[in-house]
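If you count the sequence shown from 1, position 40 lands on 41 in the working numbering, and the numbers rise without skipping. Cβ coordinates follow ideal geometry from the N, Cα and C atoms, glycine included. Remember, predicted model here, so these are calculated numbers, not experimental data. All remarks here apply to the structure that follows.
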Amino acid sequence: MSTYFMRYLLLCSLTLILCTCAPSPDGEASTEEATTEMTETADDGWEMLFDGDDVDKWRGYNRDAFPNLGWRVENGELMVEHSGTEEAGFGGDIITREKFKDFELELEFNLTDTANSGILYLVREVEDTPIWHSAPEYQLLDDETYKVTYPELTDKQMTGANYDMHAQTENYSNPIGEWNTAKIIKRGPHVEHWLNGNLVIEYDLHDNDWEQRYQASKFSDYPTYASVDEGHIGLQDHGHLVRFRNVKIKRLE
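Written as structure tokens, this is what we have:
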């Protein structure tokens, strides 16, 4: 074998090795893109409370475990089921395992006909006591149906309201069956309710206006109402089919 031919074979072998070991341009781009995406997710401060898969961050109110009945995960959605018992649920309310003090909570919800539910915050667990005795509630309701069925209801009982305390400024709800975005911001005593990108309520816990509303509300008989500065987030089982998705929270400093 000639020296020239041996050198040719050696050169071909080295070229093949280098080509095999070097990462492809597409591989570099994919790795960089994935790393950037993960960094952005970590840096923006949001924590998924429900990501469409599991309910590990939730449990039943005054329970150690998540309810076996009344709630289910389906098609990436957390669903409270229709109980068929009008306003009474059979799964019970659920709460986050962790407590939160200052936070921004955001989620999407989808109501069915005649639906009634709520997002509760600053939940304090008290044995043999309903969750709403202690927790302010972002009301979720089929407003139009309930206005006819229960004409005595006021705007303080409609979607976006701080239930029985503060009325929404305007109804920004999407039609029944469409997704809505709810947001609750709590920083110190200041609380805001947002609906589909619109600020509908803001108030300060325990200021003079709040105290007057509290004394005039159904909660005046319950000293545990809004009595803690740090509490669980809750979702209400009121016996109606309601869907939730993309539930996330950001802790505020």
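query, result
"Residue 52 to residue 166, Cα distance in whole Å?", "31 Å"
"Using the rule of at least 16 other Cβ atoms within 10 Å of the residue's Cβ for burial, across every protein chain shown, is residue 57 buried or exposed?", "exposed"
"Whose C-alpha, out of 230, 161, 174, is nearest the C-alpha of residue 189?", "230"
"Just the C-alpha distance for residue 253 and residue 47, rounded to the nearest angstrom, thanks.", "10 Å"
"Are the C-beta atoms of residue 47 and some chain C residue less than 8 Å apart?", "Reference to chain C is not applicable here, since this structure consists of a single protein chain."
"Report back the beta-carbon spacing between residue 187 and residue 195 to the nearest angstrom; my notes put them in contact at under 8 Å.", "About 12 Å; that fails the 8 Å criterion."
"Going residue by residue through the segment 160 to 233, where are the continuous alpha helix (DSSP H) segments of at least 4 residues, counting only ones entirely within it?", "209 to 217"
"Per DSSP, residue 135 forms a beta bridge with which residues?", "DSSP output for residue 135 lists no bridge partner at all."
"Between residue 156 and residue 140, is the Cβ-Cβ spacing less than 8 Å?", "no"
"Going by DSSP in three states, residue 251 sits in which element: helix, strand or coil?", "strand"
"Smallest Cα separation from residue 110: which of 66, 242, 213?", "242"
"Could you compute how far the alpha carbon of residue 246 sits from the alpha carbon of residue 78?", "5 Å"
"Terminal residues of the continuous beta strand (DSSP E) containing residue 97?", "95 to 97"
"By Cβ distance below 8 Å, which residues in the same chain neighbour residue 225 in space, the five residues on each side in sequence not counted?", "125, 127, 130, 134, 135"
"Using beta-carbon positions only, say whether residue 232 and residue 123 come within less than 8 Å of one another.", "yes"
"Based on DSSP bridge pairs, tell me the residues matched to residue 128.", "Residue 128 pairs with nothing; no bridge assigned."
"Can you find at least 3 beta carbon pairs, one from the segment 172 to 182 and one from the segment 106 to 121, that sit closer than 8 Å?", "yes"
"Counting along the chain, where does the beta strand (DSSP E) carrying residue 74 start and finish?", "72 to 75"
"Have a look at 204, 142, 218 and flag the residue whose alpha-carbon is nearest the alpha-carbon of residue 237.", "142"
"Would you kindly check if the distance between the Cβ of residue 67 and the Cβ of residue 250 is under 8 Å?", "no"
"When the Cα atoms are used, what is the spatial distance from residue 235 to residue 59?", "9 Å"
"Measure the alpha-carbon distance for residue 73 versus residue 92 and round it to whole angstroms.", "10 Å"
"When we look at the beta-carbon of residue 164 and count the other beta-carbons within 10 Å, is it buried (16 or more) or exposed?", "buried"
"Does the distance from the CB of residue 94 to the CB of residue 132 come in under 8 Å?", "yes"
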